[in-house]
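Q:
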Amino acid sequence: MFPRQRRSVIAGSALLLATALGLTGCSAGGSGGGGGGGEFDPEAPVTLNFTWWGNDDRADRYNRLIESFNEEYPNITINGTFTDFPSYWEKRQTEAAGGGLPDVWQFSDTYLRQYGESGLLADLGELEDQIDLSTFSEGLLATGQLEGQQLSLPTGYSAWAVFQNDDLLTQAGVEPYEGGTDYEEYSEWMASVTEASGGAVYGGTDYTQRIQNFELVLRQQGGNLFTEDGQLAFDEDDLREFWERGDADRNGVVAPQNRLEEVVPLSGFDSKFTASEMSWSNFLAAYSSTTAASHITMVPPPTTDPDAKDLYRQGGLQMAISADTEHPEAAALFLDYVVNSPEAGEIFGTSLGFPASTSKLEGATLEGVDAQVAEYLESVEDRLGDAPPVPVVGYGALEQTFWDLGKSIGLGAVSVDDAVTQFFDEASATLG
Amino acid sequence: MTASPAIRPDAVAAPDSARGPVARHRPTGPARKRRRGDTLAGYVFLSPWLIGFFALTAGPMLASLYLAFTDYNIFQEPEWIGLGNFERMMEDGRFWQSVQITLVYVLVGTPVKLAAALAVAMLLNFRSRGTGFFRSAFYAPSLIGASVSIAIVWRAMFSTNGPVDGALNIFGIDIGGWVGIPALVLPMMILLAVWQFGAPMVIFLAGLKQIPAELYEAASVDGAGPFRKFRSVTLPMLSPVIFFNLLLEMINAFQVFASAYIIGSGTGGPAGATNFYTVYLYTRAFTNNQLGYASAMAWVLLAAVGVIAFILFRTSRGWVHYTGDSR
Chain A
156 MFPRQRRSVI AGSALLLATA LGLTGCSAGG SGGGGGGGEF DPEAPVTLNF TWWGNDDRAD
216 RYNRLIESFN EEYPNITING TFTDFPSYWE KRQTEAAGGG LPDVWQFSDT YLRQYGESGL
276 LADLGELEDQ IDLSTFSEGL LATGQLEGQQ LSLPTGYSAW AVFQNDDLLT QAGVEPYEGG
336 TDYEEYSEWM ASVTEASGGA VYGGTDYTQR IQNFELVLRQ QGGNLFTEDG QLAFDEDDLR
396 EFWERGDADR NGVVAPQNRL EEVVPLSGFD SKFTASEMSW SNFLAAYSST TAASHITMVP
456 PPTTDPDAKD LYRQGGLQMA ISADTEHPEA AALFLDYVVN SPEAGEIFGT SLGFPASTSK
516 LEGATLEGVD AQVAEYLESV EDRLGDAPPV PVVGYGALEQ TFWDLGKSIG LGAVSVDDAV
576 TQFFDEASAT LG
Chain B
2 MTASPAIRPD AVAAPDSARG PVARHRPTGP ARKRRRGDTL AGYVFLSPWL IGFFALTAGP
62 MLASLYLAFT DYNIFQEPEW IGLGNFERMM EDGRFWQSVQ ITLVYVLVGT PVKLAAALAV
122 AMLLNFRSRG TGFFRSAFYA PSLIGASVSI AIVWRAMFST NGPVDGALNI FGIDIGGWVG
182 IPALVLPMMI LLAVWQFGAP MVIFLAGLKQ IPAELYEAAS VDGAGPFRKF RSVTLPMLSP
242 VIFFNLLLEM INAFQVFASA YIIGSGTGGP AGATNFYTVY LYTRAFTNNQ LGYASAMAWV
302 LLAAVGVIAF ILFRTSRGWV HYTGDSR
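Same order as they appear, the protein sequences are chains A and B.
First residue of the first sequence: 156, per the working numbering; consecutive thereafter.
First residue of the second sequence: 2, per the working numbering; consecutive thereafter.
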């Protein structure tokens, strides 16, 4: 296309420019980390960047919270932005590489090790003047702790539960599952729903696809998914046994996977293929809106040992401050307002999880689905144990791998044995 | 740049009238300066594109070449591991699965798409009423084909009780939705690609119009039928265009991403059936944070496409005929 010598000129300048860009790109990364040197002046005008994942409803609530915050601190301007969950983490990752993380941001315990071990999060324990930690229980504080540092705080918590669509059960003429039985009884109940509806509705979704159910079974035997030092706390046999446990259900009891593939990202329960499904308790509001069911019943998950403390308060939705913020105190004031203030309780209800802080809970009026979540959490009080160790680096990806393999088993595309091998291959690549 | 406005007026005024013909044949002093000025202006006008190319394409490409030999997760500094990523690739089952799916997609999808494009182009080459309308109508899908919305519509069409399932039911074929059956997802993806035959069709059409009518007339006089004319006149005369389309479509097919990402819900599902090369690369980079591995995969793809293009160019000497070319 180009004459020969012209081409070499272009190639030459390409190399030069690229090298120049590479050099400048390298030098930009080293800055940051110089914040918090001077004395904190609570009156000084400050602008903070704040970001979260979520939908319009959540954005509306955050905007109301920021307004209310500004009545108290008119000098602190909050720049709020939001995206959906998957792209949220893609953005944070590139910011982490470039040194441009927001001052305050919504956080997830799934990523605690990743960001915490890289020194990207501020220790909230050092900002005691601004943040009240006394309103949290020890167990909930632990969900944001890493090596003695408080790196994030939960906005709320939830517990694993069985959800049931009462409308579909009435149509089928089957009584709701009572909850807390052994797994065989749950499977029998699912089979009775599938049978009674003549296949129009299935009793449930294959629970062996979700790593949370595997975690529950491990905890019923006194174990966990991961050890304190971030290694797998189960072996091939545990996983094989768990996946094989679903073999009978997959034979015509639970919703067939090829139908479920068509409704992704909705679940079987969302799209009314299935009458029951297990998930986190804060899903109630979302399930109510996707199914439009007149009532959804929440009962405790099945268990192999009724006395085991297998459930736990999952404080996954958290708030964190970047280590290189220039205004750590102002950022801390805002973070405290989100996790602790009664105003936050009033504005958010249980939509960021059931309020973790006692002062935030005081502001919340629990009605409708919020009251139902509160009731459920109270009813499983006896089964709530210690929170599991902080998730390993790459847990988010492993959770997805587990789910994808579970679906492949459901489609008959992979045997349980092969799936177990693939999971452990992936885990060893992730955990290093 | 600062010097040129001062020089230009006399550079234009003096020599052009005085020794115009000479200047045209043998550029000396001022005329050469003017030419250099033009070149400079050309580069200035090109500069937005050049800056974009070097800053956004060439620079990152070089960076990814470096990262391909490292273990890099964004959070820690890249760690040099030599050929580690490439060795891991050899043993990675999902990598080979993605290679296989992508190759089937390219090797089946591209020829079928080109055949469809050529067939429709030949139909549209007949002068008849409404040709213009049909030309636009057939071209439209390729304009919107790569969009997210079409992938979503495609998903819905091939779902249980969707239009495709319904149509097959009429003929007594009951296979249900294609979306959830791993073996049928790739055919569904290939159909989506073939449906977007508009772009190569338009190029074929232009090529067909270039073929002199005398050749067909001469062939008719010699007693050639339609098939013989197609084989002995159309195909050889069209071979440069076929070559061009084949190269372009093949490279495009290797890079299929958006539709696979949407139809497989971003996870390569169901059961890895949409785990195309680019989807797997994306998963490794942005879900699993293995940017070194993903960079290595990107360079392997580039090399593979390069080798295939090279082979095509080499073999083209045997089957591509340029008119006026003695070879």
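Quick reminder that beta carbons are idealized off the backbone N, C-alpha and C, glycines included.
Computed from a predicted structure; not experimentally measured.
From the beta carbon of glutamate 302 of chain A, is the nearest beta carbon of chain B less than 9 Å away?
A: no
Q: What is the DSSP secondary structure of glycine 401 of chain A, counted as helix, strand or coil?
A: Reduced to three states, the DSSP call for glycine 401 of chain A is coil.
Q: Quick one: which unbroken alpha helix (DSSP H) runs of 4-plus residues sit fully inside the stretch 371-421 of chain A? Chain order, please.
A: 391-399, 402-405 and 412-416
Q: Have a look at A:Ser514, A:Asp287 and A:Ala526 and flag the residue whose alpha-carbon is nearest the alpha-carbon of leucine 279 of chain A.
A: Sorting A:Ser514, A:Asp287 and A:Ala526 by C-alpha distance to the C-alpha of leucine 279 of chain A places A:Asp287 at the top.
Q: Just the Cα atoms here: how many angstroms apart are serine 5 of chain B and lysine 34 of chain B?
A: Any answer about serine 5 of chain B is weak, because its pLDDT of 41 lies below 50 and its placement is not dependable; what the coordinates show is given next. Serine 5 of chain B and lysine 34 of chain B: Cα-Cα distance of roughly 9 Å.
Q: For serine 512 of chain A and threonine 290 of chain A, I'd like the C-alpha separation in whole angstroms.
A: 5 Å
Q: What's the call for lysine 515 of chain A, buried or exposed, on a 16-neighbour Cβ count within 10 Å?
A: Result: buried.
Q: Which of the three DSSP states is assigned to tyrosine 73 of chain B in this structure?
A: coil
Q: Which chain A residues are close to asparagine 126 of chain B, counting only those with a beta carbon under 9 Å from its beta carbon?
A: Chain A residues near asparagine 126 of chain B: none, gap ~29 Å exceeds 9 Å.
Q: Give me the chain B residues within the contact set of lysine 562 of chain A, using Cβ-Cβ distance strictly less than 9 Å, ordered along the chain.
A: Below the 9 Å Cβ cutoff, chain B contributes Thr268, Gly270, Pro271 and Ala272 as neighbours of lysine 562 of chain A, in chain order.
Q: Comparing the C-beta of arginine 414 of chain A with each C-beta of chain B, is any distance below 9 Å?
A: yes
Q: Assign glycine 53 of chain B to one of two classes, buried (16 or more other C-beta atoms within 10 Å of its C-beta) or exposed (fewer than that).
A: exposed
Q: Within 9 Å (strictly less), CB to CB, does alanine 388 of chain A reach chain B?
A: No, alanine 388 of chain A lies away from the interface with chain B (no Cβ there is under 9 Å from its Cβ).
Q: Given a cut-off of 9 Å, decide if serine 431 of chain A and glutamine 319 of chain A are closer than it, judged by their beta-carbon atoms.
A: yes
Q: Could you check where the beta strand (DSSP E) with glutamine 98 of chain B kicks off and where it finishes?
A: Taken as a continuous stretch (DSSP letters only), glutamine 98 of chain B belongs to no beta strand (DSSP E), being part of the alpha helix (DSSP H) at 94-126.
Q: Leaving out five residues on either side along the sequence, give the residues of the same chain with a beta carbon under 6 Å from the beta carbon of methionine 2 of chain B.
A: Only weak support is given to the placement of methionine 2 of chain B: the predicted model assigns it a pLDDT of 38, under 50, and the value that follows is read from those uncertain coordinates. Hits under 6 Å: none found.
Q: In the DSSP assignment, what residue or residues form a beta bridge with glutamine 469 of chain A?
A: A:Ser313
Q: Given that phenylalanine 287 of chain B touches chain A, what residues does it touch there, using C-beta distances under 8 Å?
A: Glu245 and Gln248
Q: Among A:Val201, A:Val569, A:Ala529 and A:Asp572, which residue has its Cα nearest to the Cα of alanine 314 of chain A?
A: A:Ala529
Q: Let me confirm a value: histidine 482 of chain A is counted as buried when at least 16 other C-beta atoms fall within 10 Å, else exposed. Which label applies?
A: buried
Q: If you follow the beta strand (DSSP E) that glutamate 432 of chain A is part of, which residue opens it and which one closes it?
A: 431-435
Q: Taking only beta-carbon positions, decide if glutamine 101 of chain B is within less than 9 Å of chain A.
A: no
Q: Run through the stretch 204-245 of chain A for me and flag every whole beta strand (DSSP E) of 3 or more residues, listed as ranges in chain order.
A: 231-238
Q: Along chain B, which residues have their Cβ under 8 Å away from the Cβ of alanine 355 of chain A?
A: At a beta-carbon threshold of 8 Å, none of the residues of chain B lie near alanine 355 of chain A; the nearest stands roughly 13 Å away.
Q: Can you tell me where the beta strand (DSSP E) holding threonine 452 of chain A begins and where it ends?
A: 451-454
Q: Report buried or exposed for alanine 355 of chain A, applying the criterion of at least 16 other Cβ atoms within 10 angstroms of its Cβ.
A: exposed
Q: Taking DSSP's pairing of strands, which residues face tyrosine 283 of chain B in a bridge?
A: Its beta-bridge partners do not exist; DSSP assigns none.
Q: Using 8 Å as the cut-off, can you tell me whether the stretch 215-223 of chain A makes contact with the stretch 241-260 of chain A, which would need three or more C-beta pairs spanning the two stretches below that distance?
A: no
Q: Whose C-beta lies closer than 7 Å to the C-beta of alanine 574 of chain A among residues of the same chain, with five residues either side of it excluded?
A: The residues are Trp398, Leu560, Ser563 and Ile564.
Q: Going along chain B, which residues have a C-beta under 7 Å from glutamine 269 of chain A?
A: Phe76
Q: Within 10 Å of its beta-carbon, does alanine 42 of chain B have 16 or more other beta-carbons around it, so buried, or fewer, so exposed?
A: exposed
Q: Here's a check: name, in chain order, each residue in its chain whose Cβ is nearer than 7 Å to the Cβ of serine 266 of chain B, leaving out the five neighbours to either side.
A: none
Q: By the three-class DSSP mapping on this structure, what secondary structure does threonine 475 of chain A have?
A: With the sequence shown as reference, residue 475 of chain A is identified as alanine, and threonine is not the correct amino acid for it. Reduced to three states, the DSSP call for alanine 475 of chain A is strand.
Q: Under 9 Å between the Cβ atoms of glycine 335 of chain A and threonine 458 of chain A?
A: In contact: glycine 335 of chain A and threonine 458 of chain A (Cβ atoms closer than 9 Å).
Q: Distance, Cα to Cα, threonine 452 of chain A vs threonine 363 of chain A?
A: 21 Å
Q: List in chain order: all unbroken alpha helix (DSSP H) runs of 4+ residues lying wholly within the stretch 186-241 of chain B.
A: Every alpha helix (DSSP H) of 4 residues or more that sits fully in the stretch 186-241 of chain B is shown, in chain order, as 199-211, 214-222 and 227-230.
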